Amino acid sequence: MNKRKKYKKAAIALALIAAMLFSLFLFYENQENISLANVYILEQKLFSKISDNTIEYTPENSTCKINEDNQAKIILRLDDVGAFQYYDITTKITDEVLSRNMSLSLGLIPRSLNKDFKFIYWINSVKDDPRIEIALHGYIHEGQEFQNLTEEEAYDRLIKGKEMLLEDIQIIPTTFIPPENLYSYGTKNALVNSGLKIISADENEFGNYNKLIYLGYNAQTYDFQKERFISVDEIFKSCDASLSKNGLCIIKIHPQDYLESDHKTINPERYNEFLKLLDGIEQRKIETKTFSGILNCSSGN
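Throughout, our numbering is defined as the position within the sequence shown, counted from one, plus 245.
Encoded structure:
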């Protein structure tokens, strides 16, 4: 009798263990769908709170286009913002831009954000400022990360990047900036399917195709291919051409553009060029905007 009870208890225990293992299997199998559902729900809640004048988050089923108001605009796009790198110059640039009541789009790398407490504290202190936009700058930002990806591979990285920004700083990005401005054909559809609205990549790329808005850079502060620092006069020459054509100029900036070769010490002469750039924008009385700030979006059916 005792043996029967022992066998019965053992059978029950094994059944419970099997049920638990099966439940864990189902949980992990459906984790991506659960995460996506949570992102979608939060996107809807965020969109419902947005005024007609400020578009910071756009839900997956919304339709967006560039707001054409015949006003000249400049977007300052700061790439390579992320954990454990360029903290002093990144915060200095951001503080200077905001002190002049200008706008700035930060290309944020999701990798390791939750491990850099100093950076997390700072990014949380500026993320809700309406003059600041957080754009998704790759996933792990390794070289030409999105250049040769299939649609499925790109979608996986985009969703993981969005989830990391949502989890670490409670932000859902509208804009994607691929590392080194390179992306595959498959990335285009992946961007649409993952709910992103804008891609800022190739030089002078501009337009709307297949529910995706292309806003490539028009000027840059440093040419990495030629290893050449670009003067303010040259930047405005490129900008004037783009402003004349589309009423918009996107200036690509990297924090390391203003650092010494050690990538830590700020180069005062180069940083003075950045101040001259901002002075020139003010003197020309050109409005600065973020990528999401020039969109006109409506909720989809």
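Glycine included, every Cβ here is placed at the ideal spot set by N, Cα and C. It should be emphasised that the depicted structure is a prediction, and the values quoted were computed from it without experimental measurement.
Item                                                                                                                                                                                           : Value
Can you give the Cα-Cα distance for Tyr467 and Lys360, rounded to whole angstroms?                                                                                                             : 29 Å
Quick one, which of Thr420, Leu427, Asp340 and Lys456 has its alpha-carbon nearest Ile443's?                                                                                                   : Thr420
In this structure, what does DSSP give as the bridge partners for Tyr467?                                                                                                                      : Phe474
Whole angstroms are fine: how far does the CA of Ala446 sit from the CA of Cys542?                                                                                                             : 21 Å
With 16 as the cutoff for other CB atoms within 10 Å, does Asn463 come out buried or exposed?                                                                                                  : buried
With a cut-off of 8 Å on the beta carbons, I'd call Ser348 and Thr533 a contact; round off their distance for me.                                                                              : 4 Å
Taking the alpha carbon of Gln389 as the reference point, which residue from Asn453, Pro423 and Gln465 has its own alpha carbon closest?                                                       : Pro423
Can you give me the Cβ contacts of Arg529 inside the same chain, cut-off strictly under 6 Å, excluding the 5 residues immediately before and after it?                                         : none
Would you decide whether Gly452 is buried or exposed? Buried here means 16 or more other CB atoms lie within 10 Å of its CB.                                                                   : exposed
Which stretch, first to last residue, makes up the beta strand (DSSP E) that contains Asp324?                                                                                                  : Lys318 to Val326
Based on Cα-Cα distance, which residue from Asp401, Ile416 and Leu394 lies nearest to Ser429?                                                                                                  : Leu394
Could you pull out every residue in the same chain whose Cβ sits closer than 6 Å to the Cβ of Ser357, ignoring the five residues on either side in sequence?                                   : Ala328
Please report how far the alpha carbon of Gln470 lies from the alpha carbon of His499, in whole angstroms.                                                                                     : 14 Å
Beta carbon of Ile379, beta carbon of Ile539: below 8 Å?                                                                                                                                       : no
Excluding the 5 residues flanking Cys197 on each side, which residues of the same chain have their C-beta closer than 8 Å to its C-beta?                                                       : Shown here, the chain extends from 246 to 546; a query on residue 197 therefore has no answer.
Starting from the C-beta of Val371, find all residues in its chain whose C-beta is less than 7 Å away, skip the five residues before and the five after it, and write them out in chain order. : Thr339 and Ile377
How would you label Phe362, buried or exposed, when you count the other beta carbons within 10 angstroms and need 16 or more for buried?                                                       : exposed
Span of the alpha helix (DSSP H) holding Leu410?                                                                                                                                               : Glu396 to Ile414
Closest by CA to Phe481, which one among Gly525, Ser439 and Glu448?                                                                                                                            : Gly525
Under three-state DSSP, which class holds Ser543?                                                                                                                                              : strand
Which residues does DSSP pair with Asn312 in a beta bridge?                                                                                                                                    : Paired residue(s): none; Asn312 is not in a bridge.
State the Cα-Cα distance for the pair Ile458 and Glu412, rounded to the nearest angstrom.                                                                                                      : 26 Å
Quick check on Asn517: buried or exposed, where buried means 16 or more other Cβ atoms within 10 Å of its Cβ?                                                                                  : exposed
Whole angstroms are fine: how far does the CA of Cys309 sit from the CA of Tyr384?                                                                                                             : 24 Å
Return the residue from the list Leu427, Asp325 and Asn434 that minimises the CA-CA distance to Tyr400.                                                                                        : Asn434
Would you report the Cα separation of Ile519 and Lys407, rounded to the nearest angstrom?                                                                                                      : The amino acid at residue 519 is misidentified as Ile; the sequence shows Phe. So the alpha carbons of these two residues sit roughly 30 Å apart.
Phe451 bridges to which residues according to DSSP?                                                                                                                                            : Leu460
Considering only the alpha carbon of each residue, which of Lys490, Gly461, Ile475 and Thr336 lies closest to Asn315?                                                                          : Lys490
According to DSSP, is Ile496 part of a helix, a strand, or is it coil?                                                                                                                         : strand
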